[in-house]
Structure formats: C-alpha cells, structure tokens
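Quick notes on the structure that follows.
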C-alpha cells in the first residue's frame, strides 16, 4: 500500500496545487487552455519523440499491448454507444458518452503515473497509448459525430479525418523518430538538449493543468449518463483489459514484460480525455462531457490506487 501511495501521492499533490492556485486567482482558468495547448502540441510530442527515437521499433510497436488497449477501447466504445441509443439518447450524446467511456487521458495523467511506477518504460507505454488514441479513438469519434451532423459527403469527411490524423503533432513526432531510426541518425547535441528540456516539462505542467481545469466545473446534465460513463471507464475497462491481455497471450501473441502488462491495465484505468469537453462542445454535448471528465478525474484518484493494489495482489506489479 505504501508503494501505491508513493506513486499516486505526488500526482494528486500537483493536481491539487493547480486547483488551489487557480481557485485563489494566481492563475485564470483560461490560462489552462494555453498550458493545455503547450502540453498537447509541444511538450508531449517532443517527449514521445525522445522516447521513441531512443528505442527499437519492436519496443514501440508491441502488438499485444496495442491490440489490448485498442480492443478494450473499442469494445467499451461500442457498449456505451449501444447503451445510449437503446436508452433513447441522441447520436451526438451516444457518441461522446462512448468516447468518454473508451478514451483515456494518456498524456496528462498516464505519463506522470508511469514515470513514477516504471520510469524506463513510461515513454513507450504512453506513446503506444497515444498512438491508438490519435489514430483510432479520436478520429472515429469525430467521424461518427460528423456523420450524425450530416454535413459534407462521406469521402470529404474521410479525407478530413485522415488529414487531421496525419498532421497531429503526436503522430508527426512518432513518424519523425522512426525516420531517424531508419536512416540511423541522431539529433545534433545542442538540438537534442533543447528538445529534452522541453520534453521534461510535460509531466508537471500536464498535472498542474488538470487541476486548474477542474476549477469552476459543475456536474450538470444527465446524472445517470455521467455515472454510467465514469463507472464503465474506471471499473469495467481495466477489468476488460486484464481479460484481453490474458486471452491474446493464450492465443499465441507475444507476452508482455511485467511493466508493460501492468501499464496496459493501468492505461485502461485512467480517467477519460481532458479534451473531451472541447471536442463535444460544437455538437452541444459540452455539459455532460465536462461533468464526465471532471468526475472521472476525481474518482480515479481512488480507483487507480485500487487497481494498483489489485495488480500487486495478482503479481502483475
């Protein structure tokens, strides 16, 4: 239990500091948008670049890890979408409930957690998670939302989705790192140190930003939808990940090193995307998305610790 607390306490303290200083007026909540943009478009991509460039392609593209997380996400997505539609919710509501249940806050919460638990593998685990997020989960969500919106043709929406995926800073960072690996090049020392300086800021700034973003948020909307989304994300998805990783290995896929086996379960146990409200706002679902993000972040402080205890009891950590 002390091991779990030593891993989670620093994270909660930094999140709490972000909340406290923003609540007391040292920072404005609008400042968190700037910090969030910096983390998502600069610091985290550079962090992933540094970690991918320093590892073999086999370590970055572990099929069992990628399949476990992708399948867990898509199964939860499908279950949530189907549940919402059966309950009579709109296509927009169903889409963003599904994203809330199947999406994971890899960058803002995941990397800091992994950095404390298994520092050497944190970048690779975060990179694989964000690869699935940015190539599969987020584009699929936006495609469904656009389908429900009915604007533009199918081909136009597909082209737009593919373009947005390929131009995402995280995807560009992974591509750039792989290119350097293939041609066997490294960055000049001065540029390498500059990149690493920026990359090292991602963890603390990300956690501080999460805390600041919680200021002023209120749980509004359909409480049943919100609780269902959060429960599915924090309780069902990690349990599903345990089943999937065990099943995939039994079917013949390569086994995962202990730290990656634990990481793929803890990835599934993380709260939902911090960007969920921003993505849902144009479709009129900001209130439920914001409440789901807020509640999942707060409750995850307890459930994440619980999953760590469970994994240790299973001998997976």
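Residue numbers (the numbering used here): 22 to 338.
C-beta atoms are modelled at their ideal positions from N, C-alpha and C, and glycine is treated no differently.
For this session: Specify, as a first and last residue, the run of the alpha helix (DSSP H) that residue 72 falls within.
Result: The residue given as residue 72 occupies position 51 in the chain shown. For residue 72, the uninterrupted alpha helix (DSSP H) run begins and ends at 65-74, by DSSP.
Problem set entry | Check whether residue 224 and residue 133 have beta carbons under 8 angstroms apart | The count along the chain shown starts at 1 and reaches residue 224 at position 203. The count along the chain shown starts at 1 and reaches residue 133 at position 112. Contact: yes.
For this session: Count the CB pairs spanning the region 292-307 and the region 107-127 that are closer than 8 angstroms, and state whether there are at least three.
Result: With the cut-off at 8 angstroms, the region 292-307 and the region 107-127 touch.
For this session: Indicate whether residue 74 and residue 235 have their beta-carbon atoms separated by less than 8 angstroms.
Result: Locating residue 74 in the chain shown gives position 53, counting from the first residue. Locating residue 235 in the chain shown gives position 214, counting from the first residue. Going by C-beta atoms, residue 74 is not nearer than 8 angstroms to residue 235.
Exercise. If you drop the 5 nearest sequence neighbours on each side, which residues of the same chain put their C-beta closer than 6 angstroms to that of residue 318?
Worked result: Numbered from its first residue, the chain shown carries residue 318 at position 297. Closer than 6 angstroms at the Cβ level, and outside the excluded window around residue 318, lie 292.
Problem set entry | Complete runs of the alpha helix (DSSP H) confined to the region 140-222 [at least 4 residues] | Inside the region 140-222, DSSP marks whole alpha helix (DSSP H) runs of 4 or more residues at positions 140-153, 159-170, 175-187, 190-203, 210-220, from first to last along the chain.
For this session: Please work out which residues of its chain come closer than 6 angstroms, Cβ to Cβ, to residue 254, disregarding the five sequence neighbours upstream and downstream, and give them in chain order.
Result: Locating residue 254 in the chain shown gives position 233, where the first residue counts as 1. 122, 293, 317.
Problem set entry | Length of the line joining the Cα atoms of residue 46 and residue 228 | Along the chain shown, one-based indexing puts residue 46 at 25. Along the chain shown, one-based indexing puts residue 228 at 207. Taking the straight line joining both Cα atoms gives about 18 angstroms.
For this session: Please look up how many angstroms separate the CB atoms of residue 144 and residue 288, rounded, as I've assumed it's under 8 angstroms.
Result: What you label residue 144 is simply residue 123 of the chain shown in a count that begins at 1. What you label residue 288 is simply residue 267 of the chain shown in a count that begins at 1. No, residue 144 and residue 288 are not in contact; Cβ-Cβ is about 13 angstroms, not under 8 angstroms.
For this session: Can you give me the Cβ contacts of residue 328 inside the same chain, cut-off strictly under 7 angstroms, excluding the 5 residues immediately before and after it?
Result: Start at 1 with the first residue of the chain shown, and residue 328 comes out as number 307. Contacts found: 259, 286, 287, 290.
Exercise. From which residue to which residue does the alpha helix (DSSP H) around residue 86 run?
Worked result: Here residue 86 corresponds to residue number 65 of the chain shown, with the count starting at 1. Element bounds for residue 86: 84-107.
For this session: Kindly list the residues whose CB is nearer than 6 angstroms to the CB of residue 169, restricted to its own chain and excluding five residues on each side of it in sequence; keep chain order.
Result: Here residue 169 corresponds to residue number 148 of the chain shown, with the count starting at 1. 112, 113, listed in sequence order.
Problem set entry | Residue closest to residue 21, alpha-carbon to alpha-carbon, out of 188, 195, 306, 61 | Look at the range of the chain in this structure, 22 to 338, and you will see that residue 21 is not part of it.
Problem set entry | Alpha carbon of residue 44 to alpha carbon of residue 52, nearest angstrom | Position 23 of the chain shown, counting from 1, holds the residue named residue 44. Position 31 of the chain shown, counting from 1, holds the residue named residue 52. C-alpha separation (whole angstroms): 12 angstroms.
For this session: Can you grab the Cα-Cα spacing for the pair residue 232 / residue 185, in whole Å?
Result: Position 211 of the chain shown, counted from the first residue, corresponds to residue 232. Position 164 of the chain shown, counted from the first residue, corresponds to residue 185. Residue 232 and residue 185: Cα-Cα distance of roughly 28 angstroms.
For this session: Specify whether the region 269-284 and the region 212-224 touch according to this definition: at least 3 beta carbon pairs, one from each stretch, less than 8 angstroms apart.
Result: No, the region 269-284 is not in contact with the region 212-224.
For this session: Output yes or no for whether 8 angstroms exceeds the beta carbon distance between residue 324 and residue 101.
Result: Within the chain shown, the letter at position 303 stands for residue 324. Within the chain shown, the letter at position 80 stands for residue 101. No, the pair does not count as a contact, with Cβ atoms beyond the cut-off.
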